[in-house]
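Q: Residue 370 is where the sequence shown ends in my numbering, and the numbering goes up by one at each step.
I'd like to ask you about the structure that follows.
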Amino acid sequence: MNTTMEELSLGKLYIANDAIKLGLIDGFSSFIEVVDRVAKIAGIVEYRIIDLTEMFKKNIQSLGGELWSKGEFLSIELLSKLQPEPLGIYYLSPYYIKAYRFMGENTISNTPTNIISNYNPTGEEVVFVDISHRNLFIYEILGALWGKLIENNIKILFTDIQSLQNFMMTIGIPKALLIICPSSPFTPHEINIIKNYVSNGGKLLMIYDPSIVSSIYINMLAQEYGMHFSDGYLYDLKYNYGIYRNIVLKNFTNHPLTSNITELILFTAAQVYGGKEKLAYTFNTTYLSLLDVRNVYTPIAINGNVIAIGDLTFLLDPFHDIGDNKNFLENLVKFIKG
């Protein structure tokens, strides 16, 4: 081949002439010529062509991307239709069955008043986690974050923004408010509650993942603090962990959140614009997918008590032990406890 692995990793489509120049193919022919050549190689004298694609489309209409876009789950009936007999063994990750849904899809069963009245402060601190904006995160795979908070004697309340105001009026200022991947808008009233909370010493953590949801809703809040999450993800063909989208960060600002950190591995990261202080920098070989421009990008930024983190995956249980991701998680909890 007359090309590099970096070129191939881009997943480009090539016209035939370019593919020949790169050594990806030996030549090109029409469909009929290719079929005829295959028949001659196989020693077949007579044959007819059957379009299996059309046959498959008639049998199965809702697969792959269609299932994903509709948020549907595979059923036994569909699996049986795919493989009528005998039905083989299928493995489905537990995170793709109905018991595991995004937190924001749940209905908040308690009213704000009941949430506050049922909370009896006994010296523990408390963190509020918003689940009122169809927040697209899975509770079960953020166990390390919840566990570290509990280890530090911090209680966690999954609730809405109005409850935050009621809590401040009746009990005190929570240690932090976590906003993770919202997929519905904030009202002006909710934004004012959050701004009042931060101005009274509360810490706001905004966490966004570009592979899950558009940044439009989290940016309704981020812009109030001079920050903006990009859509599109960062990728690096040279400095990466396995594949180009898993970027490696080794350049950090001296800050308590970056203490004892020499390397972070982010798995689907967004650029964070603005912020008074950039905490982590990519290599200058990094691209933003929507712009396809090589630059030094900053996926983590801070403005006073407000942190913007352009990746969720590196905090998840499957990935927080890679590189110094665990140290960042511990620093984040220390920052919250403050």
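Built from N, CA and C at the ideal position, the CB exists for glycine as well.
Cutting at 6 Å between CB atoms, please list the residues of its own chain near E157, excluding the five before and the five after it.
A: As a position in the sequence shown, residue 157 is number 125, starting the count at 1. Cβ neighbours of E157 beyond the five flanking positions: I186 and K207.
Q: Would you report the Cα separation of D58 and E65, rounded to the nearest angstrom?
A: As a first step, residue 58 is located in the sequence shown; it is residue number 26 there, counting from the start. As a first step, residue 65 is located in the sequence shown; it is residue number 33 there, counting from the start. Going from the Cα of D58 to the Cα of E65 covers about 15 Å.
Q: Determine the DSSP secondary structure at N283, reduced to helix, strand or coil.
A: As a first step, residue 283 must be located in the sequence shown, where it is residue number 251. In the structure shown, N283 sits in a strand (DSSP, three-state: E or B).
Q: Thinking M259 and G307 are a contact (beta carbons under 8 Å), I'd like their distance in whole angstroms, please.
A: In the sequence shown, residue 259 corresponds to position 227, counting from 1. In the sequence shown, residue 307 corresponds to position 275, counting from 1. Confirmed, Cβ separation roughly 5 Å.
Q: If you reduce the DSSP assignment to three classes, tell me which class M259 lands in.
A: As a first step, residue 259 is located in the sequence shown; it is residue number 227 there, counting from the start. Correct three-state label for M259: strand.
Q: Return the residue from the list Y267, D343, L289 and L177 that minimises the CA-CA distance to S247.
A: Here residue 247 is taken as the residue at index 215 of the sequence shown, counted from 1. Selected option, being the one with the closest Cα: D343.
Q: Measuring straight from C-alpha to C-alpha, what distance separates A176 and L348?
A: Along the sequence shown, one-based indexing puts residue 176 at 144. Along the sequence shown, one-based indexing puts residue 348 at 316. Each residue's alpha carbon lies about 7 Å from the other.
Q: Give the DSSP-derived three-state secondary structure of Y132 in the structure shown.
A: The count along the sequence shown starts at 1 and reaches residue 132 at position 100. Reliability fails at Y132, whose pLDDT of 47 lies under 50, so the model's placement of it is uncertain and the value that follows must be treated cautiously. In this structure, Y132 counts as coil in the three-state DSSP scheme.
Q: Could you check the C-alpha separation between N335 and T317 for me, to the nearest Å?
A: If you number the sequence shown from 1, residue 335 lands on position 303. If you number the sequence shown from 1, residue 317 lands on position 285. In a straight line, the C-alpha of N335 is about 26 Å away from that of T317.
Q: In the DSSP assignment, the alpha helix (DSSP H) including N49 goes from what residue to what residue?
A: Taking the sequence shown and counting its residues from 1, one reaches residue 49 at position 17. A48 to K53 is the extent of the alpha helix (DSSP H) around N49.
Q: Name the residue from G43, I279, F360 and D353 whose alpha carbon lies nearest to the alpha carbon of H287.
A: Here residue 287 corresponds to residue number 255 of the sequence shown, with the count starting at 1. Comparing Cα-Cα distances from H287 to each of G43, I279, F360 and D353, the minimum goes to F360.
Q: By how many angstroms is the C-alpha of N49 removed from the C-alpha of Y273?
A: Here residue 273 refers to the residue found at position 241 of the sequence shown. Here residue 49 refers to the residue found at position 17 of the sequence shown. Going by the C-alpha atoms only, they are around 33 Å apart.
Q: Would you list the one or two residues that DSSP bridges to I225?
A: Along the sequence shown, one-based indexing puts residue 225 at 193. Paired residues: none, contrary to the question.
Q: Apart from the five residues just before and just after T345, which ones in its own chain have a Cβ nearer than 6 Å to its Cβ?
A: For this step, residue 345 is matched to residue 313 along the sequence shown. If we look at T345 and ignore the five residues flanking it on each side, its Cβ neighbours are F299, T300 and F351.
Q: Give a yes or no on contact between the region 214-233 and the region 262-280, applying the rule of three or more CB pairs nearer than 8 Å.
A: In short, these stretches do not touch, since the Cβ pair count stays below three.
Q: Could you check what DSSP says for G355 in three-state terms: helix, strand or coil?
A: For the purposes of this step, residue 355 is taken as residue 323 along the sequence shown, with counting starting at 1. If DSSP states are grouped into helix, strand and coil, G355 belongs with coil.
Q: Report the rounded CA-to-CA distance for G234 versus L364, giving the unit in angstroms.
A: Taking the sequence shown and counting its residues from 1, the one referred to as residue 234 is at position 202. Taking the sequence shown and counting its residues from 1, the one referred to as residue 364 is at position 332. Between G234 and L364, the C-alpha separation is close to 14 Å.
Q: List, from N- to C-terminal side, the alpha helix (DSSP H) runs of 4 residues or more that fit wholly inside the region 148-219.
A: Fully enclosed alpha helix (DSSP H) runs of 4 or longer: 175-183 and 193-202.
Q: I need the straight-line Cα distance from S41 to L189, nearest angstrom please.
A: Walking along the sequence shown from the start, residue 41 turns up at place 9. Walking along the sequence shown from the start, residue 189 turns up at place 157. If you take the alpha carbons of S41 and L189, they lie about 43 Å apart.
Q: Please report the straight-line C-alpha distance between K130 and I170, rounded to a whole angstrom.
A: Locating residue 130 in the sequence shown gives position 98, counting from the first residue. Locating residue 170 in the sequence shown gives position 138, counting from the first residue. Confidence at K130 is low in this model, with a pLDDT of 49, below 50, so the placement of that residue is unreliable and no value is reported for it.
Q: Classify S62 as buried or exposed, calling it buried when 16 or more other Cβ atoms lie within 10 Å of its own Cβ.
A: The sequence position of residue 62 within the sequence shown is 30, counting from 1. By the neighbour-count rule (16 or more Cβ atoms within 10 Å), S62 is not buried but exposed.
Q: If you drop the 5 nearest sequence neighbours on each side, which residues of the same chain put their C-beta closer than 8 Å to that of R69?
A: The residue you call residue 69 lines up with position 37 of the sequence shown. Cβ neighbours of R69 beyond the five flanking positions: S61.
Q: Which same chain residues, not among the five before or five after L322, have their C-beta less than 8 Å away from its C-beta?
A: Indexing the sequence shown from 1 puts residue 322 at position 290. If we look at L322 and ignore the five residues flanking it on each side, its Cβ neighbours are S262, D263 and G264.
Q: Tell whether a beta-carbon distance below 7 Å holds between Q255 and I225.
A: Residue numbering aside, residue 255 sits at position 223 when the sequence shown is read from its first letter. Residue numbering aside, residue 225 sits at position 193 when the sequence shown is read from its first letter. No, Cβ-Cβ distance for Q255 and I225 is not below 7 Å.
Q: Which class does L84 belong to by DSSP, given the choice of helix, strand or coil?
A: Looking up residue 84 in the sequence shown gives position 52. Helix.
Q: CA-CA distance, T143 and I211?
A: In the sequence shown, the residue the question calls residue 143 occupies position 111. In the sequence shown, the residue the question calls residue 211 occupies position 179. Bear in mind that a pLDDT of 40 at T143, under 50, signals an unreliable position, so the number given afterwards is only what the model happens to contain. Rounded to whole angstroms, T143 to I211 spans 19 Å at the Cα level.
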